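Presented below is the structure to which this report refers.
2 protein chains.
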Amino acid sequence: MADQGRKFAPLTIEEQGSVAVGGTVLTTPGTYDNNNPTAVGQTFHGDHLYAFYQIPQDSKALPIVMLHGAYQSARSWETTPDGREGFQTIFLRRGYPVYLVDQPRRGRAGNSTVATTVEPTPFDQLFFDQFRLGKWPDYFDNVQFDRKPETLDQFLRSVTPNTGPFDAGMISDAMAALFDKTGPAILFSHSQAGGPGWLTAIKSTNVKGIVAFEPGSGFIFPESELPEEMPSAAGSLKPEAVPLADFERLTGIPIIIYYGDNFPVEPTKERGQDNWRVRLAMARLWVEAINKHGGDAQLVHLPDIDIRGNTHFLMSDLNNIEIADQVSKFLSDKKLD
Amino acid sequence: MADQGRKFAPLTIEEQGSVAVGGTVLTTPGTYDNNNPTAVGQTFHGDHLYAFYQIPQDSKALPIVMLHGAYQSARSWETTPDGREGFQTIFLRRGYPVYLVDQPRRGRAGNSTVATTVEPTPFDQLFFDQFRLGKWPDYFDNVQFDRKPETLDQFLRSVTPNTGPFDAGMISDAMAALFDKTGPAILFSHSQAGGPGWLTAIKSTNVKGIVAFEPGSGFIFPESELPEEMPSAAGSLKPEAVPLADFERLTGIPIIIYYGDNFPVEPTKERGQDNWRVRLAMARLWVEAINKHGGDAQLVHLPDIDIRGNTHFLMSDLNNIEIADQVSKFLSDKKLD
């Protein structure tokens, strides 16, 4: 670890720490017997999120709150699998306060009010394909992912399980409570966090902009404008209905969505890739709908601007500085910096 | 959060990041079918630890590796429940590189090779008693714990469950692998981490000193010198046998153990307190055994040096700067700084 980051100037951190936000309390009726403890009369705190934050010296006004995707934690935004700086430290260097979230029922926010079973389900090869490193066991020729075995090992060890059922409404409740604490801030979402991200912006006017990296589910549309679901080799992608008034709350903030490379143009049997063909298509309809309602959304398919080889993990790919530069330009264009 | 730490000078961080260390890989036999994925031919990476590290500018030679206790994560060492800086940032300010660990099957290292069920077991009142905040619902008169309800809420939300069975051998294997990466370093352990901490020092000569905060279990003795188990109102505390050669590996490094306040002197029916009476007694026998074999161990029961009111969480109590000063003096006395 001693060789990482040394080429950079030191970080000057004004303040850092962590906090639990949101959540609920379960209470078992009765009177607690201190010297014969049972569930009776005891409480349980759960369904909160956990956030670690760092505020650099002379920081910009708007913090960035980063929310991970499925099977991941705040780890997604830290050191890259090949040991370079991730978006946490890159955006600290660019002057933004950064909040890294473990969503409710994940990572350090593991206390769930609903029980679940955690099993060692072998998904490594599915992840390799679905996160577009390549088609197992082969990497895509242009993939922006280091080929050293230890890099793949680190990538696969960033996976961590749900400790309770995924609940986008609950996650966005806790996220909205976090934005109450941060004040006006920018939201970065990755993959499965796309959906909870939109819901957070509906629930909190402190969300001043959204940068969504490869949103994979939770595409919400007005009830009366729901597009057809989209079948793919990885299953059918269903849009989700919300009241028009909620949808229109997303039209007041700048939103940008990024997708990487190696998406098929036509339907294909290649499950890992076809999964993303429909997500990109649905995201295009979503951006159209936001803008039709007077919003300010854009979608950048990176190969269209000649940025090639990106996996599902844009923030930790070999060219993540180039991706960060794209994001910085967006934040600057929208006066969010 | 904006009011925390502002009274301090900024931190200058040379390098920060995170890494997964140790662990194993499960493999399901067969050939993976990319377009009809099942368990067949897939692998699962689990049982690694997760560590977040920060290296301050002009740092001291020996990093500090901090390992949390039961139901906790690295969160234990971060911001205190009442919002002050914890040992992570306090010891960074004192010039030590700091590594915060989520042990295998906990927090961000949630992938377990053994399945488990996670349930919302209500333990808040038991924790209040057992972590010696007081006797629920009353705080001890002298307790070094802020009485604001939101402080207790933060404290209880630092709890996060096991995502697999606790395994001291597996945890210490991963910890020894971490010390291989850090090089010579100091180990801080809390509560249940006491046992895995001793085992880590047996497995890695890079452990140059141990500061154990309220070790609660895993007291290891030479097979031929096993003391009697010690009954208490919270159950019987059993010492654990290891080969003499392993035990003697602990006699080459300085070790200090700290315990806080509100321990009963005589056996009592008060379960939360009596639990610690026997742990303190067993720790005294353990220190005697280490020193009898030529080691350098000491036990500090804080009330004996007139430091009063400490809970089980010495590192985040209201007087945690005073506790940190005690630790700094030990590290200085033992040339570990």
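Protein sequence lines correspond, in order, to chains A and B.
Reminder that position 88 of the first sequence reads as 88 in UniProt numbering, one-by-one numbering, no gaps.
Reminder that position 229 of the second sequence reads as 229 in UniProt numbering, one-by-one numbering, no gaps.
Backbone N, C-alpha and C fix where the C-beta goes; we use that ideal spot for every residue, glycine too.
Only a predicted model underlies this, so the values are computations on that prediction, with no experimental measurement involved.
Residue pairing by DSSP puts residue 66 of chain B in a beta bridge opposite B:100, B:188.
Under a criterion of Cβ atoms nearer than 9 Å, the residues of chain A adjacent to residue 269 of chain B are, in order, 35. In the DSSP assignment, residue 242 of chain A is bridged to A:222.
Under the three-state reduction of DSSP, residue 54 of chain B is assigned to strand. A straight-line Cα-Cα distance of about 6 Å links residue 64 of chain B and residue 99 of chain B. Per DSSP, the continuous beta strand (DSSP E) segment holding residue 26 of chain A begins and ends at 24–27. Residue 10 of chain A and residue 267 of chain A have their C-alpha atoms spaced approximately 48 Å apart. Here DSSP, grouped into helix, strand and coil, assigns residue 251 of chain B to helix. Contact of residue 111 of chain A with chain B by beta-carbon distance below 8 Å involves 120, 157, 159, 160, 161. If you ignore the 5 residues before and after residue 251 of chain B, its C-beta comes within less than 7 Å of the C-beta of 290, 293, 294, 295, all in its own chain and listed in chain order. Here residue 162 of chain A carries a strand assignment [DSSP, helix/strand/coil]. Taking a beta-carbon distance threshold of 9 Å, residue 257 of chain B does not count as an interface residue toward chain A. Linking residue 248 of chain B to residue 221 of chain B through their CA atoms gives a straight-line distance of about 10 Å.
In this structure residue 328 of chain A is in contact with residue 94 of chain A, their Cβ atoms being roughly 6 Å apart against a cut-off of 8 Å.
Taking a contact to require three or more Cβ pairs closer than 8 Å, the stretch 219–236 of chain A and the stretch 295–312 of chain A do not qualify as touching. At least 9 Å separates the CB of residue 279 of chain B from every CB of chain A. Annotated as distal: residue 196 of chain A and residue 204 of chain A, with beta-carbon spacing of 9 Å or more. For residue 144 of chain B, none of the residues of chain A pass the 7 Å Cβ criterion, the least Cβ distance being about 19 Å. At least one C-beta of chain B is nearer than 9 Å to the C-beta of residue 44 of chain A. A contact is defined here as three or more CB-CB pairs under 8 Å, and the stretch 56–75 of chain B fails this definition with respect to the stretch 69–78 of chain A. Judged by DSSP secondary structure, residue 296 of chain A falls within the beta strand (DSSP E) whose first and last residues are 296–301.
Under the three-state reduction of DSSP output, residue 145 of chain A falls in the coil class, being neither helix nor strand. When the beta-carbon positions are compared, residue 16 of chain B and residue 12 of chain A stay at least 9 Å from each other. Per DSSP, the continuous alpha helix (DSSP H) segment holding residue 272 of chain A begins and ends at 271–292.
Nearest neighbour of residue 53 of chain B by Cα position, chosen from A:187, A:83, A:179, A:43, turns out to be A:83. The secondary-structure analysis by DSSP pairs residue 135 of chain A across a beta bridge with A:138. The three-state secondary structure of residue 204 of chain B, taken from DSSP, is coil. Cβ proximity to chain B below 7 Å picks out nothing from the stretch 294–313 of chain A. Around the C-beta of residue 208 of chain A, 16 or more other C-beta atoms lie within 10 Å, and the residue is accordingly described as buried.
Interface residue (Cβ-Cβ distance to chain B less than 9 Å): residue 151 of chain A is not classified as such. Chain-ordered, the chain A residues with CB closer than 8 Å to the CB of residue 89 of chain B read 16, 17. Of all residues in the stretch 123–139 of chain A, only 123, 124, 125, 126, 129, 135, 136 place a beta-carbon less than 8 Å from a beta-carbon of chain B.
Between the alpha carbons of residue 22 of chain B and residue 224 of chain A lies a distance of about 52 Å. In the DSSP assignment, residue 322 of chain A falls within the unbroken alpha helix (DSSP H) covering 320–333. Residue 205 of chain A has a beta carbon lying at 9 Å or more from every beta carbon in chain B.
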